[in-house]
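Participant: Next up is a structure, given as structure tokens.
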Amino acid sequence: MLNGIYIHIPFCLNKCNYCDFLSFKSTVEEREKYVTALIEEINMYPKFSLNTVYFGGGTPSLLTPEQVSRILSNLNISENAEITLEVNPKTVNLEKFKSFRKSGINRVSIGIQSFDSENLKTLGRMHSSAEGEEAFFLARKAGFENISLDLMFSLPNQSLENLKFDLKKLFSLKPEHFSIYSLIWEEGTEFFTKLEKGEYKETDNDLEASMYEVIIEEAEKQGYIQYEISNFCLPGKRALHNTKYWKNEEYLGVGLGASGYYNDIRYKNDLTFPEYYGKISNGIKPIFEEEFVSPDEKEVYEYILGLRVIPDGIFPKGKSLSLCETLVEKGFLIKKNANNYTLSKKGILMANDVFSEFI
Ligand SMILES: C[S@@+](CC[C@H](N)C(=O)[O-])C[C@H]1O[C@@H](n2cnc3c(N)ncnc32)[C@H](O)[C@@H]1O
Ligand code: SF4
Numbered sequence: 363m364l365n366g367i368y369i370h371i372p373f374c375l376n377k378c379n380y381c382d383f384l385s386f387k388s389t390v391e392e393r394e395k396y397v398t399a400l401i402e403e404i405n406m407y408p409k410f411s412l413n414t415v416y417f418g419g420g421t422p423s424l425l426t427p428e429q430v431s432r433i434l435s436n437l438n439i440s441e442n443a444e445i446t447l448e449v450n451p452k453t454v455n456l457e458k459f460k461s462f463r464k465s466g467i468n469r470v471s472i473g474i475q476s477f478d479s480e481n482l483k484t485l486g487r488m489h490s491s492a493e494g495e496e497a498f499f500l501a502r503k504a505g506f507e508n509i510s511l512d513l514m515f516s517l518p519n520q521s522l523e524n525l526k527f528d529l530k531k532l533f534s535l536k537p538e539h540f541s542i543y544s545l546i547w548e549e550g551t552e553f554f555t556k557l558e559k560g561e562y563k564e565t566d567n568d569l570e571a572s573m574y575e576v577i578i579e580e581a582e583k584q585g586y587i588q589y590e591i592s593n594f595c596l597p598g599k600r601a602l603h604n605t606k607y608w609k610n611e612e613y614l615g616v617g618l619g620a621s622g623y624y625n626d627i628r629y630k631n632d633l634t635f636p637e638y639y640g641k642i643s644n645g646i647k648p649i650f651e652e653e654f655v656s657p658d659e660k661e662v663y664e665y666i667l668g669l670r671v672i673p674d675g676i677f678p679k680g681k682s683l684s685l686c687e688t689l690v691e692k693g694f695l696i697k698k699n700a701n702n703y704t705l706s707k708k709g710i711l712m713a714n715d716v717f718s719e720f721i
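Heads up, the working numbering is the position in the sequence shown plus 362, with the first residue counted as 1.
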């Protein structure tokens, strides 16, 4: 039974140089108009009993705690649900964190990206390294016991030493969870333009692989479990909402450009405000694209997403079983028991190649 919801907040203070997420600068009035429409959209769906709620963006922490509270009051949230809000350090202070906590948010995911001032400047972040760290301490002080930090690596001109500096700082804070993504050069971003002009160059493959290996090794030394390709947690602190995506479970997606998976249909919401508001004001769900997922496709999704959850892996059937056996022989998978396969260390490093074998 569907029990998770993703809520997209498409607003940011500024566009970071590497990011192509759907987000825009906004006024107080525009954010209020959006929240009203969002609540109307939420009320177009049945009142599922939810055990995970995820405010993603964009920058959800640009909303007021009152707006977050209003959105939450339109949901049917079960006891002990995980309720996450993505936070940009530049948008918060102690009072705001406390009010978010009071509104029901019990997990924050803070966009740190790097603790190095030069990196932050290159990335076009609006906060300093000290402000990133401060956001973590303020969240703790406000009572958040489940904090995730987002970082990136393989940045322009980044050395292995520079990454080690970020990791040292990260582990000194001891967040319950962290995500660390290798930079993706997204078309249409400042970074991509600079790449095309030759001002930046992509990180050498060997260096990127060494960086990833260092992350995995250091995380393990510090007691973190790599439970997904880019996600690490202390025992018992997996991100419950995101894990639903990797387990191919259904979830609602609401808000501009949000994706959802409901009644065997993967859907994507409208990407422009006029279309989004237009449909909602006519009482229509703001969906522009739907794809029925056949049982065969569902199985493929289950394998390629499921393998991402490294400790759990997959339970293949039919011809995928013999593919898994071949991948074990090649050293990409480990057979944990009779019919349970997980990524090996080599498989983790070459995960995309392994996944493509299933398509
Ligand atoms: C929606 S943002 C997180 C919250 C908030 N917007 C912030 O940045 O502080 C999600 C995360 O995706 C990652 N990300 C965004 N663009 C990326 C890219 N081009 N390559 C790798 N990671 C990226 C960043 O780590 C970012 O924190
Ligand atoms: S990384 Fe976060 S703050 Fe920066 S533009 Fe993307 S969504 Fe906005």
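The beta carbon of each residue, even a glycine, is placed where N, CA and C say it ideally should be.
Predicted model, so just to flag it, every value in this text is computed and none were measured.
Run the proximity test for MET573: is its beta-carbon closer than 7 Å to any non-hydrogen atom belonging to ligand 1?
Facilitator: no
Participant: Any heavy atom of ligand 1 closer than 7 Å to the beta-carbon of THR421?
Facilitator: yes
Participant: Taking the C-alpha atoms as reference points, what is the distance between ILE509 and GLU444?
Facilitator: 12 Å
Participant: Return yes when the C-beta of GLY473 is under 7 Å from any heavy atom of ligand 2, and no when it is not.
Facilitator: Answer for GLY473: yes, Cβ within range of ligand 2.
Participant: Taking one C-beta from the segment 406–416 and one from the segment 386–395 each time, how about it: are there three or more such pairs within less than 8 Å?
Facilitator: no
Participant: So within the segment 448–527, which uninterrupted alpha helix (DSSP H) runs reach at least 4 residues, ignoring any that extend past its ends?
Facilitator: 456–465, 479–485, 491–503
Participant: To the nearest angstrom, how far is it from the Cα of ARG487 to the Cα of GLU570?
Facilitator: 22 Å
Participant: Mind checking ASN593: buried by the 16 CB within 10 Å criterion, or exposed?
Facilitator: buried
Participant: Identify the continuous alpha helix (DSSP H) that holds ASN699 and give its terminal residues.
Facilitator: Unbroken run through ASN699 is the beta strand (DSSP E), 695–699; no alpha helix (DSSP H).
Participant: Please confirm whether GLU448 and GLY473 have their CB atoms less than 8 Å apart.
Facilitator: yes
Participant: Going straight from the alpha carbon of PHE362 to that of LYS526, what length do you get?
Facilitator: Given a span of 363 to 721 for the chain in the structure shown, any question on residue 362 remains unanswerable.
Participant: What I want to know is whether the C-beta of LYS377 ends up closer than 7 Å to one or more non-hydrogen atoms of ligand 2.
Facilitator: yes
Participant: Which partner residues does SER621 have in the DSSP bridge list?
Facilitator: BP columns for SER621 point to LYS630.
Participant: Any chance the segment 705–721 sits against the segment 677–696, with 3 or more Cβ pairs inside 8 Å?
Facilitator: Taking 8 Å as the limit for Cβ pairs, the verdict is that the segment 677–696 does touch the segment 705–721.
Participant: So, ASN567 versus LEU500, is the Cβ gap smaller than 8 Å?
Facilitator: no
Participant: For GLU637, report the span of its alpha helix (DSSP H) as first-last.
Facilitator: Where GLU637 is concerned, the enclosing alpha helix (DSSP H) stretches over 635–643.
Participant: Following a CB-centred definition, is ASP528 positioned closer than 7 Å to any heavy atom of ligand 1?
Facilitator: For ligand 1, not one heavy atom lies less than 7 Å from the Cβ of ASP528.
Participant: Within 10 Å of its beta-carbon, does SER479 have 16 or more other beta-carbons around it, so buried, or fewer, so exposed?
Facilitator: exposed
Participant: Within the same chain, show all residues whose beta-carbon is closer than 7 Å to that of LYS458, passing over the 5 residues directly before and after it, in chain order.
Facilitator: PRO427
Participant: What does SER544 pair with, by DSSP beta-bridge criteria?
Facilitator: PHE515
Participant: For LEU412, list the residues DSSP reports as bridge partners.
Facilitator: ILE439
Participant: According to DSSP, is GLN429 helix, strand or coil?
Facilitator: helix
Participant: Going by the C-beta, is PHE383 closer than 7 Å to any heavy atom of ligand 2?
Facilitator: Correct: PHE383 has its Cβ closer than 7 Å to ligand 2.
Participant: Within this structure, are the beta carbons of PHE553 and TYR407 separated by less than 8 Å?
Facilitator: no
Participant: Enumerate in chain order the residues of its own chain whose CB-to-CB distance from GLN520 is below 6 Å, with the five nearest sequence positions on each side excluded.
Facilitator: none
Participant: Count the other C-beta atoms from every protein chain shown that fall within 10 angstroms of the C-beta of ALA601, then say buried if there are 16 or more, exposed otherwise.
Facilitator: buried
Participant: When you compare each of SER544, GLY419, LYS503 to ALA620 by their alpha carbons, which one comes out closest?
Facilitator: GLY419
Participant: Please state if the CB of LEU557 and the CB of ASN537 are separated by a distance shorter than 8 Å.
Facilitator: According to the sequence displayed, residue 537 carries Pro and not Asn. No, they are not a contact pair.
Participant: Smallest Cα separation from GLY622: which of LYS606, ASN701, PHE635?
Facilitator: Closest in C-alpha terms to GLY622, from the list LYS606, ASN701, PHE635, comes LYS606.
Participant: For chain D, is any of its Cβ atoms less than 8 Å away from the one on ASN413?
Facilitator: Absent here is chain D; the protein component of the structure consists of one chain.
Participant: Who does GLU651 pair with in a DSSP beta bridge?
Facilitator: Answer is LYS630.
Participant: Determine, using beta carbons only, whether ARG803 and PHE506 come nearer to each other than 8 Å.
Facilitator: As shown, the chain starts at 363 and ends at 721. That puts residue 803 outside it, with no answer to give.
Participant: Given this structure, state the Cα-to-Cα distance separating GLU441 from PHE410, to the nearest angstrom.
Facilitator: 13 Å
Participant: Report the option in ALA504, MET573, GLU495 whose CA atom is closest to the CA atom of ILE467.
Facilitator: ALA504
Participant: How would you write the range of the beta strand (DSSP E) that ILE371 sits in, first residue to last?
Facilitator: Note, ILE371: beta strand (DSSP E), 366–371.
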